[in-house]
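Remarks on the structure that follows.
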Amino acid sequence: FESKISAPNGEDYQYVFYNQNDGICVILSYNCIEQKIDTPLICHGFSLFDNGEMLLFKAEAEPRNSHVIQIWQTPFCSPNYSFTQTQSDSILYKIGNKEIVRCMAECRIVQSLLNKDDTYTNLYLDITRSADRIIDTYFWIDKEEGCGLGEILKQIRTTSHGAVEEFEKVSKLKRTTRETIDAVSRKAEEILSATSTSLTPKIETFVKNLSILRSLRGEVISLRDLRYADIPHIDSLEERIKKRSSELSEGCVAFLLTPEGFIYYKDSVVSLEGKITEVQKTTEGSKLDEQIVQAGKELELLLEIVSNLKIEDPTQATQIIEKISSIYSDVNRIRSSLRIKLKELRNQEGAAEFRAQMKLLEQSVANYIDISDSPERCDEYYTKILVQIEELEGNFADYDEFIPELAQRRTDIHSSFETKKAALQEQRSRTCNSLFTAAERILKGIENRLKTFSTPTEINGFLASDLMVEKIRDLAARLVQSGDTVKSDEIQGKLKSIREDALR
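The opening position of the sequence shown corresponds to residue 599 in the numbering used here, with each subsequent residue numbered one higher.
Shown next as structure tokens:
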């Protein structure tokens, strides 16, 4: 390396390399905006002139009378070289070529990012950051001389920001889909390993494994609905499950043709039938019913397996179907017996529960009636009792024998609350009348007392401090509390009238 030559425009550089042994020069020109090196110039000597012209010459191996000289026009002029200046008042002229070059170089980076394929995760994020950096660094791109560069960069930033959000959504969706498929794949591998056909042949094992494989195949098929799912992988997994199911189905049919084929289900029917007599509670019966339903589902699966397989000997298929139908009939008979037993137990348990609930209802009614101290309280507590009755009607809707009793209790409770409410209203009326009568007597005494005063000062002093006047106000307040605002207003009005008459 011999020297570096910088152009006044701030965007071009020349790097000169010299081989002292051969006398060869290699000149490399680099442009900051394009961000690339031009074709190397190879010569034995060169000269640069103030106007930027560069002369190159090459030595030949043989002597010659004339030599070729190349003349290149380059931007590498002298710093003192005078150009014809125009628009010296332009903002771009004031900013200077170097800053414009830096801006153009960064814009070229954005352009190269825009031309890239979507090959890495942070591509749109890099575009957003680069556009932000240019907008924040070079204020003049929004000026008229900036040729609309600022607006273009803002549009790029907005678009890339939206692409970042969409890219994140898609990436998250792809990751979720991949994790779901991986989880189902691991589960499938475990099940395929556990359902090997080399296991000891038992009818319950065949049925259990076939049921598991059926559910697994349903899960695998549902994976197709996921966006960005690996369909070839799902197809391969489903095909393996389908193949294993076919192998187990054939093994199951072969086992059913043996004398031991139906022993398990025959023993199960006998065992389930014996458990019915041991059922003492509906919860026990419900658990037993679940076992019977499961046995029925297994028999349905066996029928489906036999129907879907092509058995060469029709008599064998008929034999298997007849045995399954016979056991299925026994299962239905047992379930019917269990339902009868459960109905009896429900009636017994329902009656006991109903009596307990009715006893609790009676206690609630007695308590609410006892603590009801006003007609409004009676209405409030009666509403609460009605809610309890409606809940009981809903809980025992299947028991027709309880409905008339609940209706009768509703009527009785309504009568009880109405009686208590009427008594409270009558008591309130008597109280209000007593208070009003007492107030009238006190007002009469106040009126007589005021007649003895001769000046307004004496009258006002008496009304402000006398205990009888305070008693009147207290009686008016008690009438308001008792709900009789009319009598309260009447008492206060009479007191005011007595005061005005006395002052006159």
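By construction, the Cβ of each residue, glycine as well, lies at the ideal position given by its N, Cα and C atoms.
As the structure is a computational prediction, the values presented were derived from the model and not from experiment.
- Return the CA-CA distance between residue 1080 and residue 1088, expressed in angstroms with no decimal places. 15 Å
- Item | Helix, strand or coil at residue 877 [DSSP, three-state] | coil
- Message: Starting from residue 643, trace the alpha helix (DSSP H) in both directions and tell me its first and last residue.
- Response: Element bounds for residue 643: not the alpha helix (DSSP H) but the beta strand (DSSP E), 643-646.
- Task: Buried or exposed for residue 1043, please, with buried defined as at least 16 other CB atoms from any protein chain shown within 10 angstroms of its CB.
- Result: exposed
- Report buried or exposed for residue 652, applying the criterion of at least 16 other Cβ atoms within 10 angstroms of its Cβ. buried
- Task: Determine contact between the region 913-924 and the region 945-958, defined as no fewer than three beta-carbon pairs at a distance below 8 Å.
- Result: no
- Task: Check the C-beta distance from residue 751 over to residue 729 and give it rounded, since I have them as a contact under 8 Å.
- Result: 5 Å
- State whether the region 640-658 contacts the region 696-714, with contact taken as three or more CB pairs (one from each stretch) at a distance under 8 Å. no
- Should residue 599 go down as buried or exposed, given a rule of 16 or more other Cβ atoms within 10 Å for buried? exposed
- Query: The beta strand (DSSP E) with residue 632 in it runs from where to where?
  - Reply: Note, residue 632: premise wrong, no beta strand (DSSP E); not H, not E.
- Report, in whole angstroms, the separation of the C-beta atoms of residue 935 and residue 874, which I expect to be a contact under 8 Å. 6 Å
- Message: Going by beta-carbon coordinates alone, are residue 1101 and residue 1041 separated by less than 8 Å?
- Response: no
- Buried or exposed (CB count within 10 angstroms, at least 16 for buried), residue 612: buried
- Message: In chain order, what are the residue ranges of uninterrupted alpha helix (DSSP H) at least 4 long that sit wholly in the region 771-859?
- Response: 801-820 and 829-854
- Query: Excluding the five sequence neighbours on either side, which residues of its own chain have a C-beta within less than 6 Å of the C-beta of residue 1086, listed in chain order?
  - Reply: 1074, 1077 and 1078
- Message: From the DSSP secondary-structure annotation, give me the bridge partner or partners of residue 862.
- Response: DSSP output for residue 862 lists no bridge partner at all.
- Own chain, CB closer than 8 Å to residue 843, minus 5 neighbours either side, in chain order: 808, 811, 812 and 815
- Task: Let me know if residue 1091 comes out buried or exposed under the rule of 16 or more other beta-carbons within 10 Å of its beta-carbon.
- Result: exposed
- Query: If you draw a straight line from the C-alpha of residue 692 to the C-alpha of residue 674, how long is it?
  - Reply: 21 Å
- Query: Where does residue 966 fall in DSSP's three states?
  - Reply: helix
- Same chain only: Cβ atoms within 7 Å of residue 939, ignoring 5 sequence neighbours per side: 874, 877 and 883
- Please name the residue, chosen from 946, 1071, 771 and 1054, that lies closest to residue 999 on a Cα-to-Cα basis. 946
- Message: For residue 943 and residue 788, what's the separation of their Cα atoms in angstroms?
- Response: 44 Å
- Any idea what DSSP makes of residue 651, helix, strand or coil? strand
- Message: At 3 residues or longer, what runs of the beta strand (DSSP E) sit wholly inside the region 1005-1085?
- Response: none
- Assigned secondary structure, residue 602 (DSSP; H/G/I helix, E/B strand, else coil): strand
- Using beta-carbon positions only, say whether residue 1038 and residue 1096 come within less than 8 Å of one another. no
- Item | residue 838 vs residue 887 beta-carbon contact at 8 Å | no
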